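Q: Pasting in a structure now, in structure tokens, and then I'll have a few things to ask.
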Amino acid sequence: METIELNKRQELIIQIVKDNGPITGESIADRLNLTRATLRPDLAILTMAGYLDARPRVGYFYTGKTGSQLLTEKIKKIKVKEYQSIPVVCDENVSVYDAICTMFLEDVGTLFVVNKDGILVGVLSRKDLLRASLGKQELTNIPVNIIMTRMPNITVCLKEDLIVDVAIKLIEKQIDAVPIVKETEKGFEVVGRLTKTNITKVLVDLGNDEMI
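Counting with full-length UniProt numbering, you get residues 1 to 212 for the letters of the sequence shown.
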């Protein structure tokens, strides 16, 4: 995988397995004039990284995948629930002024608007609130349900969705966050949020090898 740097011995191991696999650990050790115990950490690293696979009583074999392919497979397995954040919501009847205060105090760029039953009915972005602030309107008298984006024009996701799919939606819709929802009889209940910051953290973790 491209997120780890292989040493010369690990590269030799890969080449041996590629040329002779399936091959046992003992046979690999013999070819390198090493003990099985000395070789064990390298085999563990190469197996966890995805370069090699192993089967009991058969031995090690080369997966045939490049580092970029292995990294792509890893990314495509990451689910929303692994990186979700706590949602910040507001009631549909609060004023634009109160919504601005909430956004500032919670330090978020998007508010999810819910009704009295806690069901998602709208989304408020910084742009929505900025647009409403222009002019001489009294912000304490304007309810957010007048300016919010309403269902069904809201992009949502589920906990089990893949992060890469949600990232594509963020880019296509040019939005900063999506609500993570749970389907109920009354509608969508907001259970979390996924933002561009969450997705950036995925990249940081990959770069720091925390997900290998």
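Backbone N, C-alpha and C fix where the C-beta goes; we use that ideal spot for every residue, glycine too.
No experiment lies behind these values; they were computed from the predicted model shown.
Would G21 be called buried (16 or more neighbouring beta carbons within 10 Å of its own) or exposed?
A: Residue numbering aside, residue 21 sits at position 21 when the sequence shown is read from its first letter. It is buried - the Cβ of G21 has at least 16 other Cβ atoms within 10 Å.
Q: Measuring straight from C-alpha to C-alpha, what distance separates I16 and G192?
A: The sequence position of residue 16 within the sequence shown is 16, counting from 1. The sequence position of residue 192 within the sequence shown is 192, counting from 1. Cα to Cα, the separation comes out at about 48 Å.
Q: How long is the line joining the alpha carbons of Y62 and E172, rounded to whole angstroms?
A: To locate residue 62, count along the sequence shown from 1; it is residue 62. To locate residue 172, count along the sequence shown from 1; it is residue 172. Roughly 38 Å separates the two Cα atoms.
Q: Counting only C-beta atoms, is K173 closer than 8 Å to chain B at any point?
A: The structure shown contains no chain B; it is built from a single protein chain.
Q: Confirm, please, whether the CB-CB distance from V190 to V89 is below 8 Å.
A: For the purposes of this step, residue 89 is taken as residue 89 along the sequence shown, with counting starting at 1. For the purposes of this step, residue 190 is taken as residue 190 along the sequence shown, with counting starting at 1. In this structure, V190 lies closer than 8 Å to V89 by Cβ.
Q: D53 and I13 look like a contact to me (Cβ under 8 Å); what is the Cβ gap, rounded to whole Å?
A: As a first step, residue 53 is located in the sequence shown; it is residue number 53 there, counting from the start. As a first step, residue 13 is located in the sequence shown; it is residue number 13 there, counting from the start. Their Cβ separation, rounded to whole angstroms, is 13 Å, which puts D53 and I13 out of contact at 8 Å.
Q: What residue does the alpha helix (DSSP H) around L46 start on, and which one ends it?
A: Stepping through the sequence shown from its first residue, residue 46 is reached at position 46. Element bounds for L46: R36 to A49.
Q: Suppose the cutoff is 7 Å on Cβ atoms and the five residues either side in sequence are ignored; what does the same chain contact list for V108 look like?
A: In the sequence shown, counting from the first residue as 1, residue 108 sits at position 108. Excluding positions up to five away in sequence, the list reads V88.
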